[in-house]
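Participant: So the protein sequences, as listed, match chains X and Y. Here the first sequence is numbered in this note's numbering, starting from 1 and rising by one per residue. Here the second sequence is numbered in this note's numbering, starting from 1001 and rising by one per residue.
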Amino acid sequence: MRKSKQKEIIDYLEGRIHLEGERLKKERQEFEALQKILKKEEDFQPPPGFWISYLPHLRRRMEGEKRSHLRLVPALASALSLLIIAFLLFHSQIFPPNLPPSNLKRPYGDRELSGISSAIDLERLSTSLAQAFGLNDLEEGVAELMVRGVDLGGLEEEGREKLLRVLVSQLGDEADLALDLLYSDLDIDEVTGELSVDELTELKNQLKGT
Amino acid sequence: MEELSDSELVDLFRKGQERAFNLLVERHKEKIYYLALRMVRNHQDALDISQDTFLKAYKNLKNFKGESTFFTWLYRIACNLCLNFIKREKFRSFLSFGDLTKPLSRPKDSPDFSYERNQLSEAIDEAINHLPSQQRIAFILHHYEGLPHHKIAQLLGKKEGTIKANYFQAIKKLQKALKVYA
Chain X
1 MRKSKQKEII DYLEGRIHLE GERLKKERQE FEALQKILKK EEDFQPPPGF WISYLPHLRR
61 RMEGEKRSHL RLVPALASAL SLLIIAFLLF HSQIFPPNLP PSNLKRPYGD RELSGISSAI
121 DLERLSTSLA QAFGLNDLEE GVAELMVRGV DLGGLEEEGR EKLLRVLVSQ LGDEADLALD
181 LLYSDLDIDE VTGELSVDEL TELKNQLKGT
Chain Y
1001 MEELSDSELV DLFRKGQERA FNLLVERHKE KIYYLALRMV RNHQDALDIS QDTFLKAYKN
1061 LKNFKGESTF FTWLYRIACN LCLNFIKREK FRSFLSFGDL TKPLSRPKDS PDFSYERNQL
1121 SEAIDEAINH LPSQQRIAFI LHHYEGLPHH KIAQLLGKKE GTIKANYFQA IKKLQKALKV
1181 YA
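Have a look at this one:
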């Protein structure tokens, strides 16, 4: 059924427009039957004493947040030190101090060396930063994806099924990482918001079969 | 201080009076908690989402421009957190190839507290848990929270027609899932 028709039926069921027809009469009966069922639902009640402890619990979390921000200052200093050390180590490997740069013999060609060193450095850097800052899983996931060079923008354009297929196959068991990636960079409305559980199951089975 | 409006309390908080924020929490905690509870159908998750809502508000209140009321702003944060939670849970089940027929929220009501709901209420929980996130929020905000469709559209940044279509699809799925109780 088209969206415009669905909208019209809702307007009819809620009394904003008047329409006639056997099909609509049936829609109304089914709608009213559902309302009756939903009215019988029991109310949710939080556990006893819940509201009394709500604000103190929240305040504790707020204090925790403040403390974690304060911890960032020494972490930043550590990260900076790590960066300086990494730079000095890396620099001394390319330009050994006992040889002037003009006499340097590189073990690899320029292109090869720059490719290897940047990948290793990025990985080291992301690990050092993650340790120094106590990054959460999401940030680590993003850092790791960055290292892997996955082109998220390109994947999104391929469509949701392709996107899922590629992510699942590329990341294998690292489901959480894939999730975090999708979550942080992509609009996953398209993936999950519009699909029912049955449709997702079907898609999942398709993916498992490939 | 209790008799002050939300916007006056926001101003006081910005001037450094922490107690003003406590009052804002006391004033709106139930509404935010029940919204989350209706969305995720699980006390512990609802508690986490409602507290995350206030934490986010606390951190960002200095940037609140006052283009809407404080409560609308807070409610929007809660809606977004609920949507994120549902998507995340559903996608987590999907990627881990877990059993998608089980309720999507974590089965982890605190050990000393769990709901004992009758069979019909549990069936309603399950039917709502199976709705895609956009249909679920369109249904919850209209049916339980009593918001008109155009307000929901405004809140979620969608077209009113889309919200009505989502609501329509939600009630069709609920009718199908709950027809044995009719």
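For each residue, glycine too, the CB sits at the ideal point set by N, CA and C.
Should Y/Arg1136 be labelled buried (16 or more other beta-carbon atoms within 10 Å of its own) or exposed?
Facilitator: Counting Cβ neighbours within 10 Å, Y/Arg1136 comes out buried, since at least 16 surround it.
Participant: From the beta carbon of X/Lys52, is the nearest beta carbon of chain Y less than 8 Å away?
Facilitator: Looking at the sequence itself, residue 52 of chain X is Ile, so the reference to Lys does not match. For X/Ile52, the answer is no, since every Cβ of chain Y falls outside 8 Å of its Cβ.
Participant: Along the chain, where does the alpha helix (DSSP H) containing Y/Tyr1058 start, and where does it finish?
Facilitator: From DSSP, the alpha helix (DSSP H) with Y/Tyr1058 extends over His1043 to Asn1060.
Participant: For Y/Thr1069, count neighbouring Cβ atoms within 10 angstroms of its own Cβ and tell me buried if that reaches 16, exposed if not.
Facilitator: Exposed is the call here.
Participant: Beta carbon of Y/Leu1155: closer than 7 Å to some heavy atom of the ligand FMN?
Facilitator: As far as ligands go, the structure on display features none, and thus does not contain the ligand FMN.
Participant: Could you tell me if Y/Asn1118 is buried or exposed, where buried requires 16 or more neighbouring beta carbons within 10 angstroms of its beta carbon?
Facilitator: Its Cβ having fewer than 16 others within 10 Å, Y/Asn1118 is exposed.
Participant: For a quick check, are the C-beta atoms of Y/Leu1178 and Y/Ile1140 less than 8 Å apart?
Facilitator: The answer is no: Cβ separation not under 8 Å.
Participant: I'd like to know whether the C-beta atoms of X/Lys5 and Y/Gly1161 end up nearer to each other than 8 Å.
Facilitator: Result no, Cβ atoms of X/Lys5 and Y/Gly1161 do not sit closer than 8 Å.
Participant: Tell me whether the beta-carbon of Y/Ala1057 lies closer than 8 Å to the beta-carbon of Y/Leu1074.
Facilitator: Their beta carbons are under 8 Å apart, which means Y/Ala1057 touches Y/Leu1074 by this criterion.
Participant: Between Y/Leu1024 and Y/Arg1076, is the Cβ-Cβ spacing less than 8 Å?
Facilitator: For Y/Leu1024 and Y/Arg1076, no; Cβs fall outside 8 Å.
Participant: Where does Y/Phe1097 fall in DSSP's three states?
Facilitator: Note that Y/Phe1097 scores a pLDDT of 46, beneath 50, so its modelled location is shaky; the value from the coordinates is reported in the next line. Correct three-state label for Y/Phe1097: coil.
Participant: Just the C-alpha distance for Y/Met1001 and Y/Ala1020, rounded to the nearest angstrom, thanks.
Facilitator: Distance between the alpha carbons of Y/Met1001 and Y/Ala1020 is about 8 Å.
Participant: Considering only the alpha carbon of each residue, which of Y/Arg1041, Y/Glu1026, Y/Asn1063 and Y/Gly1066 lies closest to Y/Gln1051?
Facilitator: Minimum Cα distance to Y/Gln1051 is reached at Y/Glu1026.
Participant: Measuring CA to CA, which of Y/Asn1063, Y/Gln1044, Y/Ala1138 and Y/Glu1067 is closest to Y/Ile1171?
Facilitator: Minimum Cα distance to Y/Ile1171 is reached at Y/Ala1138.
Participant: Strictly under 8 Å for the Cβ-Cβ distance: is Y/Lys1062 near chain X by that measure?
Facilitator: For Y/Lys1062, the answer is no, since every Cβ of chain X falls outside 8 Å of its Cβ.
Participant: Which first and last residues belong to the alpha helix (DSSP H) in which Y/Asn1022 is found?
Facilitator: Glu1018 to Val1040 is the span of the alpha helix (DSSP H), which, as asked, contains Y/Asn1022.
Participant: Got a sec? Which residues, its chain only, sit under 8 Å from Y/Ala1127 by beta carbon, not counting five neighbours each side?
Facilitator: Taken in chain order, the residues that qualify are Lys1173, Leu1174, Ala1177 and Leu1178.
Participant: Which value, in whole angstroms, describes the spacing of the CA atoms of Y/Gln1007 and X/Leu58?
Facilitator: This sequence places Ser at residue 1007 of chain Y; Gln is not what is there. If I take the Cα positions, the gap works out to 21 Å.
Participant: Output the distance between the C-alpha atoms of Y/Cys1082 and X/Glu22, rounded to the nearest integer angstrom.
Facilitator: Distance between the alpha carbons of Y/Cys1082 and X/Glu22 is about 39 Å.
Participant: Counting only C-beta atoms, is Y/Gly1161 closer than 8 Å to chain X at any point?
Facilitator: So yes, Y/Gly1161 belongs to the interface.
Participant: Using a beta-carbon distance cut-off of less than 7 Å, what residues from the region 1009 to 1026 of chain Y approach chain X?
Facilitator: Those would be Asn1022, Val1025 and Glu1026, in chain order.
Participant: Taking DSSP as the reference, what is the three-state secondary structure of X/Met62?
Facilitator: X/Met62 falls in the helix class under three-state DSSP.
Participant: Straight-line CA distance for Y/Phe1085 to Y/Asn1042?
Facilitator: Going by the C-alpha atoms only, they are around 12 Å apart.
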